[in-house]
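Asks: Quick one: structure below, then a few questions.
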Amino acid sequence: MDVLKASPTIVYSPYIPTTTRNKSQFSKPIFHNLNLQLPCFTRNGSKSRLFTTLSSSPISTTESIEPPMPEVEAEVGKERFDWYSQWYPVMPVCDLDKRVPHGKKVLGLDLVVWWDKNENEWKVFDDTCPHRLAPLSEGRIDQWGRLQCVYHGWCFGGNGDCKIIPQAPVDGPPVHTFKKACVAVYPSVVQHDIVWVWPNADPQYKDIITKKKPPYIPVLDDPSFSKLMGNRDIPYGYEVLVENLMDPAHVPYAHYGLMRTRTPTVKVDREGGRPLDMKVKKLDINGFLGKQDWGSSNFIAPCIFHAFADVEVDQENGSATSSEIVKAPPPNRRLSLIFMCVPVSPGNSRLIWTFPRNFGVWIDKIVPRWIFHIGQNLILDSDLYLLHVEERKIMEIGATSWQKACFVPTKSDALVVGFRRWFNKYAGGEIDWKGKYSGALPPSPPREQLMDRYWSHVVNCKSCNTAHKGLKALEVILQIMSVGLIGIVAVTKQNMISMVVKTTMVSMAIVCFAASKWLAHFIYKNFHYHDYNHAFV
């Protein structure tokens with residue numbers, strides 16, 4: 001998951017350190033007398049009491065959670081989380097094509113995201129033409145910069161107003177001006193190079209951006225940090241996605257061989273699992289703060305999980321590694337993990353990720369994004385099937401009975417328990433789908449379809465899509481070269497070319513054929529389907 005390495009298979013874990021130290025270096029607690037300044041988050045321009053600066057000194061908290069805990073059941077409190085009064089990330093701008101409309105789903109709402117060149121901004125509409133309810137995302141943007149439904153040609157401006165109904169007589173009543181001819185427009189804004197949407201098209205929220213803004217993460221606006229982004233549609237629900245990202249204890253096991261972790265002093269198994277000291281503090285309706293032995297984290301309800309750790313320089317080779325530190329070297333080197341988890345529908349979610357860092361920034365300028373995405377997608381795949389099945393088991397017992405069925409006696413599960421407590425206490429243990437879904441999960445598809453990368457990521461990632469097309473073209477070229485060389489040798493008279501030339505051409509043909517086969521396997525494995533069998537790792 002670490003973006004510091006371009007290798008698609010070995011990725012350094014940001015959760016735990018990758019360098020080794022002698023015993024004397026641990027004579028004192030890692031964070032002893034260390035004032036670790038954490039990023040400050042703001043909502044609506046003012047600093048929220050939830051996102052205050054942490055230090056190693058004692059902090060007064062509204063709630064402190066350490067497993068084991070009392071049963072986490074649905075609680076009916078005075079405060080109730082309103083899912084439709086929040087900003088949601090839709091897609092990174094880098095993965096949106098201004099030439100075409102894009103269909104996306106958030107909170108069960110079908111949306112179309114498109115570039116309005118007349119107003120020079122991204123727009124988010126209801127993905128439904130008012131005429132016969134055809135999806136506008138299957139339409140096009142015409143030469144005048146209007147969103148056109150390709151079913152009957154109705155066109156819409158940036159405010160959702162219908163500009164033309166081709167079937168309406170020119171000398172007849174202006175039916176295109178009727179209110180029923182308009183498309184619902186959702187408030188939207190671009191922040192941190194991501195399109196955000198407010199999932200309520202009621203006119204009273206038209207200017208909601210002046211009253212409430214998306215969560216602001218300063219590191220994403222800091223030009224000294226790299227911030228390559230990725231996105232993927234996930235075939236399990238929002239709750240399971242969030243709690244999995246909050247759980248570093250699964251990394252040595254579910255991602256074995258993919259993310260390098262620190263070898264514990266006492267190794268109890270092959271993978272090197274170890275106790276983790278984790279705590280949740282200041283839990284309220286807006287989320288909570290987390291404290292780990294490697295750094296700290298924030299859950300900003302409902303979408304953002306931000307973990308951050310200091311980074312030290314390996315003195316032997318000068319490389320930067322994510323690690324617990326005793327003293328931060330000047331200048332301060334920082335690494336963050338930012339995950340944005342979007343509820344899509346029951347059993348489906350979307351993940352947007354970025355790992356900003358203020359060192360090795362040059363790497364991102366020369367290594368294309370798709371190289372990093374190969375390794376990051378493999379990490380997502382390595383526990384995808386586990387989580388898909390786990391979600392169905394949770395659904396069988398009921399989400400509000402989660403802790404009755406799950407045994408979570410150690411501190412390593414503190415953030416997961418904290419999230420479940422927030423989810424049950426403030427959201428009643430469920431996402432408000434506004435009655436659109438019954439709550440039942442969709443049927444489980446075959447494993448190869450479940451773990452398909454092409455439709456869940458490649459088509460939605462500009463870098464990977466471009467690489468996929470280029471590599472497929474190269475595969476075809478190699479095949480043509482192979483056949484062409486053999487053909488030349490076959491039709492050429494024996495005395496026209498020497499045996500050496502013939503041998504060379506046949507050898508080149510064989511190499512081209514072998515290369516095309518290898519490339520076809522590489523494309524399928526990295527852009528379509530790569531299974532992960534834990535039994536043989």
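Numbering (the UniProt record's numbering), first residue to last: 1 to 537.
Ideal placement from N, C-alpha and C gives every residue a C-beta, glycine not left out.
Please read these numbers as outputs of a predicted model, since none were measured by experiment.
For P135 and P343, what's the separation of their Cα atoms in angstroms?
Replies: As a position in the sequence shown, residue 135 is number 135, starting the count at 1. As a position in the sequence shown, residue 343 is number 343, starting the count at 1. If you draw a straight line from the Cα of P135 to the Cα of P343, it is about 21 Å long.
Asks: Which residue comes first and which comes last in the beta strand (DSSP E) that contains G287?
Replies: In the sequence shown, residue 287 corresponds to position 287, counting from 1. G287 -> beta strand (DSSP E) spans G287 to Q292.
Asks: What does the Cβ neighbour count give for G429, buried or exposed, with the cut at 16 atoms within 10 Å?
Replies: One-based indexing of the sequence shown puts residue 429 at position 429. The residue is buried, with at least 16 neighbouring Cβ atoms inside 10 Å.
Asks: Which residues does DSSP pair with residue 539 in a beta bridge?
Replies: With the chain covering only 1 through 537, there is no way to say anything about residue 539.
Asks: Which partner residues does V185 have in the DSSP bridge list?
Replies: For this step, residue 185 is matched to residue 185 along the sequence shown. DSSP lists F125 as partners of V185.
Asks: Rounded to a whole number of angstroms, what is the C-alpha to C-alpha distance between K206 and P187?
Replies: Stepping through the sequence shown from its first residue, residue 206 is reached at position 206. Stepping through the sequence shown from its first residue, residue 187 is reached at position 187. Rounded to whole angstroms, K206 to P187 spans 6 Å at the Cα level.
Asks: Please list, in chain order, all residues of the same chain as V486 whose beta carbon is under 6 Å from its beta carbon, the five residues on each side excluded.
Replies: Within the sequence shown, the letter at position 486 stands for residue 486. For the record, residue 486 in the displayed sequence is Ile; it is not Val. Correct list, in chain order: A509.
Asks: For K282 and P248, what's the separation of their Cα atoms in angstroms?
Replies: On the sequence shown, position 282 is the one that residue 282 refers to. On the sequence shown, position 248 is the one that residue 248 refers to. Distance between the alpha carbons of K282 and P248 is about 21 Å.
Asks: Hey, out of E475, V219 and W455, whose CA is closest to K104's CA?
Replies: As a working mapping, residue 104 is identified with position 104 in the sequence shown. The residue with the shortest Cα to Cα distance from K104 is W455.
Asks: With Y524 as the anchor, note down where its beta strand (DSSP E) starts and where it stops.
Replies: Looking up residue 524 in the sequence shown gives position 524. In the DSSP assignment, Y524 falls outside any beta strand (DSSP E) and lies within the alpha helix (DSSP H) extending over M499 to F527.
Asks: Could you tell me if P215 is buried or exposed, where buried requires 16 or more neighbouring beta carbons within 10 angstroms of its beta carbon?
Replies: Your numbering for residue 215 matches position 215 in the sequence shown. The residue in question, P215, is buried, as its Cβ has 16 or more Cβ neighbours within 10 Å.
Asks: Please state whether DSSP places S336 in a helix, a strand or coil.
Replies: Position 336 of the sequence shown, counted from the first residue, corresponds to residue 336. If DSSP states are grouped into helix, strand and coil, S336 belongs with the strands.
Asks: Would you mind listing the alpha helix (DSSP H) stretches within the segment 361 to 434 that are 4+ residues and don't spill past its ends, in chain order?
Replies: 361 to 366, 369 to 382, 384 to 397, 402 to 405 and 414 to 427
Asks: Mapping the DSSP letters down to three states, classify P166 as helix, strand or coil.
Replies: Here residue 166 refers to the residue found at position 166 when the sequence shown is read from its first residue. Here P166 sits in coil by DSSP.
Asks: Under three-state DSSP, which class holds H102?
Replies: The count along the sequence shown starts at 1 and reaches residue 102 at position 102. H102 falls in the strand class under three-state DSSP.
Asks: Over what stretch of residues does the alpha helix (DSSP H) that includes P252 continue unbroken?
Replies: Against the sequence shown, residue 252 aligns to sequence position 252. Here the alpha helix (DSSP H) through P252 covers V251 to A254.
Asks: Quick one: is P409 buried, meaning 16 or more other Cβ sit within 10 Å of its Cβ, or exposed?
Replies: Translated into the one-based positions of the sequence shown, residue 409 becomes position 409. Counting Cβ neighbours within 10 Å, P409 comes out exposed, since fewer than 16 surround it.
Asks: How is R357 classed by DSSP in three states: helix, strand or coil?
Replies: To locate residue 357, count along the sequence shown from 1; it is residue 357. R357 falls in the strand class under three-state DSSP.
Asks: Exposed or buried, which one is T354 when buried takes at least 16 other CB atoms within 10 Å?
Replies: Within the sequence shown, numbered from 1, the residue matching residue 354 stands at position 354. Classification for T354: buried.
Asks: Can you tell me the Cα-Cα spacing of T241 and T128, whole angstroms?
Replies: Mapped onto the sequence shown, residue 241 falls at position 241. Mapped onto the sequence shown, residue 128 falls at position 128. With the sequence shown as reference, residue 241 is identified as Leu, and Thr is not the correct amino acid for it. Going from the Cα of L241 to the Cα of T128 covers about 29 Å.
Asks: Grab the span of the alpha helix (DSSP H) containing N244 for me, first residue to last.
Replies: Counting from 1 along the sequence shown, the entry for residue 244 is found at position 244. Counting along the chain, the alpha helix (DSSP H) containing N244 begins and ends at Y238 to L245.
Asks: Could you please give the first and the last residue of the uninterrupted alpha helix (DSSP H) stretch that includes S463?
Replies: Here residue 463 refers to the residue found at position 463 of the sequence shown. Residues K462 to V491.
Asks: Starting from L450, trace the alpha helix (DSSP H) both ways and give me its first and last residue.
Replies: Residue numbering aside, residue 450 sits at position 450 when the sequence shown is read from its first letter. Run containing L450: R447 to L450, per the alpha helix (DSSP H) assignment.
Asks: Considering Cα atoms alone, identify which of N231, R334, F156 and N377 is closest to D531.
Replies: Counted from its first residue, the sequence shown places residue 531 at position 531. Measuring from the Cα of D531, the nearest candidate turns out to be N377.
Asks: Within 10 angstroms of the Cβ of T261, are there 16 or more other Cβ atoms? Answer buried if so, exposed if not.
Replies: Start at 1 with the first residue of the sequence shown, and residue 261 comes out as number 261. By the 10 Å Cβ count, T261 comes out buried.
Asks: I'd like to check one pair, K98 with V185: are the Cβ atoms closer than 8 Å?
Replies: Within the sequence shown, numbered from 1, the residue matching residue 185 stands at position 185. Within the sequence shown, numbered from 1, the residue matching residue 98 stands at position 98. Not in contact: V185 and K98 (Cβ atoms no closer than 8 Å).
Asks: Kindly indicate the opening and closing residues of the beta strand (DSSP E) around Y88.
Replies: As a first step, residue 88 must be located in the sequence shown, where it is residue number 88. It spans Y88 to P92 - the beta strand (DSSP E) in which Y88 sits, taken as one unbroken run.
Asks: Does the distance from the CB of M395 to the CB of N231 come in under 8 Å?
Replies: Counting from one through the sequence shown, the residue named residue 395 turns up at place 395. Counting from one through the sequence shown, the residue named residue 231 turns up at place 231. Inclusion of M395 and N231 in the CB contact set at 8 Å is not warranted, their separation being larger than that value.
Asks: Counting C-beta neighbours from all protein chains within 10 Å, is the total for Y236 16 or more, i.e. buried, or is it exposed?
Replies: Locating residue 236 in the sequence shown gives position 236, counting from the first residue. The residue is buried, with at least 16 neighbouring Cβ atoms inside 10 Å.
Asks: Beta carbon of L386, beta carbon of A254: below 8 Å?
Replies: Position 386 of the sequence shown, counted from the start, is the residue given in the question as residue 386. Position 254 of the sequence shown, counted from the start, is the residue given in the question as residue 254. Contact flag set, yes.
Asks: What residue range does the beta strand (DSSP E) around M229 cover?
Replies: Locating residue 229 in the sequence shown gives position 229, where the first residue counts as 1. Segment M229 to I234, the beta strand (DSSP E) holding M229.
Asks: Contact defined as beta carbons within less than 8 Å: I believe H192 pairs with L220. What is the distance between those atoms, to the nearest angstrom?
Replies: What you label residue 192 is simply residue 192 of the sequence shown in a count that begins at 1. What you label residue 220 is simply residue 220 of the sequence shown in a count that begins at 1. The pair is a contact, with the Cβ atoms about 4 Å apart (cut-off 8 Å).
Asks: Can you give me the Cβ contacts of I338 inside the same chain, cut-off strictly under 6 Å, excluding the 5 residues immediately before and after it?
Replies: Working through the sequence shown from its first residue, we reach residue 338 at position 338. The residues are H306 and T354.
Asks: Taking 8 Å as the cut-off, decide whether the C-beta atoms of K279 and K267 are in contact.
Replies: Stepping through the sequence shown from its first residue, residue 279 is reached at position 279. Stepping through the sequence shown from its first residue, residue 267 is reached at position 267. No, these two residues do not count as a Cβ contact at 8 Å.
Asks: Looking only at its chain, what residues have a beta carbon closer than 6 Å to the beta carbon of G45, apart from the 5 residues adjacent to it on each side?
Replies: Residue mapping note: residue 45 aligns to position 45 of the sequence shown, counting from 1. Because G45 carries a pLDDT of 43, less than 50, the predicted location of this residue cannot be relied on, and no value is offered for it.
Asks: Taking DSSP's pairing of strands, which residues face Q143 in a bridge?
Replies: Numbered from 1 along the sequence shown, position 143 holds the residue referred to as residue 143. Q143 pairs with nothing; no bridge assigned.
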